[in-house]
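J.: Chains as they are written, first to last, in numbering that gives the first Met the number 0: chain A, 0 to 506; chain B, 0 to 506; chain C, 0 to 167; chain D, 0 to 167. All C-beta atoms, glycine included, are put in the ideal place defined by N, C-alpha and C.
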Amino acid sequence: MTRRTKVLIANRGEIAVRVMRACRELGLGTVAVYSECDRTALHVRLADEAHAIGPGPAADSYLRIDKIVDVAVRSGASLVHPGYGFLAENEDFAQACADAGLTFVGPSPSAIAQMGSKTAARRVATAAGVPVVPGTEDPFADDAPDAMIAAEARRIGYPLLVKAVAGGGGKGMRTVRSPADLSAAIQTARSEAGSAFGDAAVYLERLLLKARHIEIQLLADTFGTVVPFVERECSIQRRHQKVVEESPSLALTEPTRRAMAECAAAVARTVGYTSAGTIEFLLDEDGDFYFLEMNTRLQVEHPVTEVVTGIDLVQWQLRIALGERLTIDPARAITPRGHAIECRLYAEDPDQGFMPSPGLVRALSVPGGPGVRDDRGVAAGFEIPLFYDSMIAKLIVSGDSRAEAISRLSRVLDEYRVIGVRTTLPFFRWLAARPEFISGQFDTTYLDTLLAERKGQAFVEATSDDADDVAIVAALAAWFRAHQASAGVATPAAGGWRRAARTEALR
Amino acid sequence: MTRRTKVLIANRGEIAVRVMRACRELGLGTVAVYSECDRTALHVRLADEAHAIGPGPAADSYLRIDKIVDVAVRSGASLVHPGYGFLAENEDFAQACADAGLTFVGPSPSAIAQMGSKTAARRVATAAGVPVVPGTEDPFADDAPDAMIAAEARRIGYPLLVKAVAGGGGKGMRTVRSPADLSAAIQTARSEAGSAFGDAAVYLERLLLKARHIEIQLLADTFGTVVPFVERECSIQRRHQKVVEESPSLALTEPTRRAMAECAAAVARTVGYTSAGTIEFLLDEDGDFYFLEMNTRLQVEHPVTEVVTGIDLVQWQLRIALGERLTIDPARAITPRGHAIECRLYAEDPDQGFMPSPGLVRALSVPGGPGVRDDRGVAAGFEIPLFYDSMIAKLIVSGDSRAEAISRLSRVLDEYRVIGVRTTLPFFRWLAARPEFISGQFDTTYLDTLLAERKGQAFVEATSDDADDVAIVAALAAWFRAHQASAGVATPAAGGWRRAARTEALR
Amino acid sequence: MKFEVDVAGRQRTVGVDRAAEGGKFRVVVDGQVHELEAQPTALGLSVVFQAGGRSLDAAATERSGGEWLIQLPHLDVAVVVDGQRHARGRQNRAGADGEQRVTAPMPGRVLRVLVKPGDKVEHRQGLLVVEAMKMENELTAPKAGTVTEVAVTEGSSVEAGRLLVVIE
Amino acid sequence: MKFEVDVAGRQRTVGVDRAAEGGKFRVVVDGQVHELEAQPTALGLSVVFQAGGRSLDAAATERSGGEWLIQLPHLDVAVVVDGQRHARGRQNRAGADGEQRVTAPMPGRVLRVLVKPGDKVEHRQGLLVVEAMKMENELTAPKAGTVTEVAVTEGSSVEAGRLLVVIE
């Protein structure tokens, strides 16, 4: 019997679970790593083996290249999948894997480095003949004088964006509408970028008005084949962080789709890209598009592409890393079958400015039925740690048409229950019913503008009947509690007859 | 504001939940009915409103036409969906709905009556020019003498099947291999059919050897449009009860697929069929097929068709009942996209001859990720009642190819956990690894033959290491129990800090 | 049994009486009678109202000091039962009168303090910025008023429930 | 703490000692030492073995009288901890010696009794047919032997755990 090839997954949460599923389906062994607060996390429980790598703070665990490489070597893993976030776009990690004889499931360290710097990536795109958003060519030195930055800002024009060179996930990014706000924006962006990425460098980019964020997923093998996929529409953002993604986009004509896909492939080829990656574009009102940046990793929103194409991107990442040739029919990759929408479900209180609300997920009820994909990283009984992103799950729905997908989304959001913590579910229920969302009339500023207009108004205004219901439920729960009938935590302590006995006692 | 159209769902379990989901997606209100033991069932919790209709035994609740029609009228429902089983193929129920001014979501009472009698249905098929399996033209009278039955059996030839005229789900069906067993088989079939359907009439049908059970789903509207779908392969059966279904079938050539679909549509047209229905065929080794029977309702296995076509059959049932025209492209309905496999997960102990093992489902972990559809009727904390079919869930997986679907099935079965009761999961894990299943080399006798050969051997033979693991887990659980740390029922009684306090106390 | 339930600042008096049969209750909310059936589930409570059969799948998570998080299918609401309000009160009880104690909803680090005692603040005006989970979060005034106390300084780490600012 | 665990008729002695740190255990099975970390979950127990990091997501449901249903990812096994075997013993303990008590695994109605006292039966030979959940289920002999007692008659209703047949 040959020893089974093992993959170490250098991540946690839903993406670690997602990668393990692909490994399992390919017959590959799975090695998890976990921090102290993740001892009972789903990714640990689903792995064949799991190794502790340190305390909760990411800097002491999931960002520790040395420890992770050490576990990979000791466990006999031959591949390392970084997921997204943490070390996924860290070229030192990719290099350390290579140095230890491990195959990094992703692009080469040099491709990561080139595309990881937003300013360098813009140069690559220009070299590939792809238009870029007007902005600064090079990042500002840490001690660049305000006057120099202000001059550059004037050249680009307001409104503009301050962006971290090493940015991602909306961190280290600030919108500046007038010169007066520039200096403060630079300061907060630098501070946030420094603490989030260990790199405080920032640059400026013109803020395109009424633009949509459209991106092209692609796969590239080690033999030079690059396959771009049908686009994802990611314009529903809060503070530059994607909230809802869908595929295809309502805003793309077929010629634009093809042109954007070709541009994406050209950028990937220019940088000698391998594995899965995404080229992000801004599409303006005239239908012109501009290169924004490249994500040299699997993205959070990859499932919508999988759902509309039927192609498993993570399996392909692994197969490419194992040296296989990409044999996907390019026509199929670019042709959506139906429509898919993803919501990123967070443990945040939408009525408190989306403040994180970590805590114990006491119970979960995840919807099923047709057209639902559940990519979850949390099981009932898990305490969402304070140290990481508070995403609980990705919810992906699909339908024959966008209208069917949206009516399904509403149904599914109504069914979805996360008990014990506040989540963004009420927000999504509100959003799914917004006329602009339903008609597809939105751009990247849509959500922030709308939220600003709402001035913190609750997403669900409780009616008087609701308040009665709440009072009734609270009083009943208190009653059951007083009668020791475990209201709210009804999972009985033993088999059926014991429960039956208790039910009897209640009569 | 116009009053919302309401649908009463005259069923329970996963199919009641499935129908409610379709209602929700179409904006229709949902009315559940429930028996005493289903007070906390998922279908009650998901409904807009729910009404008790009597004690646990189906004859006192889910089979009570009077009570259900009464609830429908009182609640202001205008449609009644019967699901499958219970009253789904009862023409009196369909008629009672019509008499009360309710729209029955299904075919006309006369179509139900005609196709509900297996012998009458065979005559319809013959009239439509569709070949039928050789057998008795008419059912035997209850007092038909053994000698007369034996003579008819000789004419048809052994092996043969005794089948209940009102049969379904393998009940009231017996295989007879030699004349000596005929009388006993007739007796048990009559007794089972009498108690299950209230109709003890049986007839005989030749048992086709090495035949596959292939069926054609169809939809028909009230304007005469009939759309047949790509076939389902349902040959994996235990005691004539489907266990695994898939679509498409490996055994069908494209011309046979089209011919079978045309035959199915012809039968439906002959009987003036409306709504969703299924024509079941037997396909013999030579590629010839024979009409077996028609199910005048939604079937358990409808999701595999939905998954490979992207068409929501239950939404269409409702839309047809609301008077809409069927606008599905027939070419699309007959063209599968990828491959789907369904497993019917039961609370049965596969190592004890699939004996029902009802009880409290203490916890559930339902797999997610790509290509998984979860059609469940049970939530954690629910006690599976003794009164009904013990199905917990349907698990549907899909993949780009049959091979991908099977590797996904294995992954998903490994993830699926039902805690507190024994289920058929170990059996499915075993089946998914069988070479005949993987290669698609099976017929309707495959599973029963294999199970007979195994002589009750356990599906998972615990290794010595497994036994060590079991002993370790049992001892640890007993240790936690002794230390009051709720081993096995870890859902904490309150918020996170209380749990943290307890964890602290443990140190 | 009688309970006083504080829902978003409004007190309701709820009487709960179990009917003869198991699971059936008579619940009186401010004088209005509801006959219903309530059953515990793994999620919380499955409630069916006798009149009309309305079905409500709700969850109740006990915090401490009589505070519960009540989750209806479309709504999350924190309530206090029997008025034993815990020190760790709700931050945002907009519209309520009297002293408002703004507490940290989660552990984090105070990055910036934007007000000082004596400042007049608008409803929803920023009070301080707390970094938590790698994001900067601005805590805002739950009502218009005057800052009477600022209990933290920039750079300090705070636990969940820690008093930050008092507004009157 | 020491436990005697009966796994499919074979007794194992398991010592469980909590290590100094929370969640870490030293478990000794018939002399073999396992260092592991065990944490309760909503499902049961998440166990990680120190040597090799093997991860085991297991569930343990307590029945009564020391009987537990242990569920590993691929396997369901009933065990008895500390030998306090409950009257409602497992029906199928194939290969075990001595008297075998065949009990009803679930409530139902006895349709047919296929054996009488004194009959010699083969392993897995049919003993009686019980109708439950609308299906007829044949209960078979857990081992070869002689029927010493038939405790029910045709047509009688039986509760789960009711003694049906004894084989020696």
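(1) Quick check on Ala142/B: does DSSP put it in helix, strand or coil?
(2) For the region 379-399 of chain B, enumerate the residues whose C-beta is nearer than 9 Å to any C-beta of chain C, in chain order.
(3) Quickly, what does DSSP pair Ser364/A with across the bridge? List them, please.
(4) Would the beta-carbon of Leu317/B fall within 8 Å of that of Leu101/B?
(5) Pick from Ala159/C, Gly154/C, Arg25/C: whose alpha carbon is nearest that of Val109/C?
(6) Does the region 164-179 of chain B come into contact with the region 96-112 of chain B, if we say contact requires no fewer than three beta-carbon pairs (one atom in each stretch) closer than 8 Å?
(7) What's the gap between the Cα of Gln99/D and the Cα of Lys142/D?
(8) Quick check: the Cα distance between Ser168/C and Arg205/A, rounded to an integer number of angstroms?
(9) Using a cut-off of 9 Å between C-beta atoms, extract the partners of Gln186/B located in chain D.
(10) On a Cα-Cα basis, can you pick out the residue from Leu203/B, Glu24/B, Ala9/B, Asp47/B that is closest to Ser34/B?
(11) By the criterion of Cβ-Cβ separation under 9 Å, what are the contact partners of Gly65/D in chain A?
(12) Taking 8 Å as the threshold, find out whether the region 240-250 of chain A comes into contact with the region 448-457 of chain A through three or more Cβ pairs.
(13) How would you list, in chain order, the residues of chain C whose beta-carbon sits under 7 Å from the beta-carbon of Ser74/B?
(14) For Glu167/D, list the residues DSSP reports as bridge partners.
(15) Just the chain D side, please: which residues come within less than 8 Å of Asp47/A by C-beta, in chain order?
(16) List the DSSP bridge partners of Leu282/B.
(17) Provide the residue span of the alpha helix (DSSP H) that contains Tyr445/B, from first to last.
(18) Suppose contacts are defined by Cβ-Cβ distances below 8 Å. Is Ala120/A in contact with Gln113/A by that definition?
(19) When you compare each of Gly376/A, Ala210/A, Thr334/A to Gln440/A by their alpha carbons, which one comes out closest?
(20) Judging by CA-CA distance, which residue of Ser77/A, His80/A, Ser109/A is the nearest neighbour of Asp91/A?
(21) Tell me the DSSP bridge mates of Lys196/C?
(22) Is the Cβ of Ile8/B closer than 8 Å to any Cβ of chain A?
(23) Please classify Arg257/A: is it buried, with 16 or more other beta-carbons within 10 angstroms of its beta-carbon, or exposed?
(24) Counting only C-beta atoms, is Arg401/A closer than 8 Å to chain D at any point?
(25) Judging by CA-CA distance, which residue of Ile235/A, Gly337/A, Arg296/A is the nearest neighbour of Asp442/A?
(26) Counting only Cβ pairs nearer than 7 Å, list the residues of chain C close to Ala339/B.
(27) Check whether the Cβ atoms of Pro329/B and Pro357/B sit closer than 8 Å, and answer yes or no.
(28) Classify Val30/A: buried if its beta carbon has 16 or more other beta carbons within 10 angstroms, exposed otherwise.
(29) DSSP three-state call for Gln316/A: helix, strand or coil?
(30) Ile69/D versus chain B: which residues are under 9 Å apart at the beta carbon?
(31) Give every residue of the same chain whose Cβ lies closer than 8 Å to the Cβ of Val101/D, excluding the five residues on either side of it in the sequence, and list them in chain order.
(32) Could you tell me which residues DSSP puts in a beta bridge with Gln216/A?
(33) Does the CB of Leu163/C have a neighbour CB from chain A at under 8 Å?
(34) Tell me where the alpha helix (DSSP H) around Gly193/B begins and ends.
(35) Between Gly367/B and chain A, is any beta-carbon pair separated by less than 8 Å?
(36) So, does the region 360-372 of chain B touch the region 370-386 of chain A, judging by three or more C-beta pairs under 8 Å?
T.: Taking the definition as stated:
(1) This sequence places Asp at residue 142/B; Ala is not what is there. The three-state reading of DSSP puts Asp142/B in coil, since its state is none of H, G, I, E or B.
(2) If the cut-off is 9 Å between Cβ atoms, the region 379-399 of chain B has Ala379, Gly380, Phe381 near chain C.
(3) Answer is Arg416/A.
(4) At least 8 Å separates the beta-carbon of Leu317/B from that of Leu101/B.
(5) Nearest C-alpha to Val109/C: Gly154/C.
(6) Short answer: they don't touch.
(7) Distance from the CA of Gln99/D to the CA of Lys142/D, rounded to the nearest whole angstrom, comes to 8 Å.
(8) Here chain C has residues from 0 to 167 only, and residue 168/C is not among them.
(9) For Gln186/B, there are no C-beta contacts with chain D under 9 Å, since the nearest C-beta of that chain is about 11 Å from it.
(10) Minimum Cα distance to Ser34/B is reached at Ala9/B.
(11) Listed along the chain, the chain A residues whose CB falls inside 9 Å of the CB of Gly65/D amount to none; the nearest CB is some 12 Å away.
(12) The region 240-250 of chain A, when compared against the region 448-457 of chain A, does not touch it at the 8 Å Cβ threshold.
(13) Within chain C, the residues near Ser74/B are Gly52.
(14) DSSP lists no partner for Glu167/D.
(15) When 8 Å is used as the limit between beta carbons, Asp47/A is near these residues of chain D: Arg53, Ser54, in chain order.
(16) According to DSSP, Leu282/B bridges with Arg211/B, Phe288/B.
(17) Following the DSSP letters along the chain, one finds Tyr445/B inside the alpha helix (DSSP H) bounded by residues 445-453.
(18) Ala120/A places its beta carbon less than 8 Å from that of Gln113/A.
(19) Per the Cα distances, Ala210/A.
(20) Nearest in C-alpha terms to Asp91/A, of all of Ser77/A, His80/A, Ser109/A, is Ser109/A.
(21) As displayed, chain C neither begins before 0 nor continues past 167, which places residue 196/C out of reach and without an answer.
(22) So no, Ile8/B is outside the interface.
(23) Arg257/A comes out exposed.
(24) Not an interface residue.
(25) When only C-alpha atoms are compared, the closest one is Ile235/A.
(26) Annotation: Ala339/B has no Cβ neighbours in chain C at a cutoff of 7 Å; minimum Cβ distance is about 30 Å.
(27) Their beta carbons are not under 8 Å apart, which means Pro329/B does not touch Pro357/B by this criterion.
(28) Within a 10 Å sphere around the beta-carbon of Val30/A sit 16 or more other beta-carbons, which makes this residue buried.
(29) Per DSSP, reduced to three states, the secondary structure at Gln316/A is helical.
(30) Ordered by position in chain B, the residues that pass the 9 Å Cβ test against Ile69/D are Asp468, Val469, Ala470, Val472, Ala473, Ala476.
(31) Exclusion of the five residues before and after Val101/D leaves Gln90, Leu126, Leu138, Ala140, Pro141, Leu162, Leu163, Val164, Val165, Ile166 as the residues of its chain whose Cβ lies within less than 8 Å of its Cβ.
(32) Per DSSP, the beta-bridge partners of Gln216/A are Thr277/A.
(33) Under the Cβ criterion of 8 Å, Leu163/C is not counted among the residues facing chain A.
(34) 181-196 is the span of the alpha helix (DSSP H), which, as asked, contains Gly193/B.
(35) At a cut-off of 8 Å between beta carbons, Gly367/B contacts chain A.
(36) Short answer: they touch.
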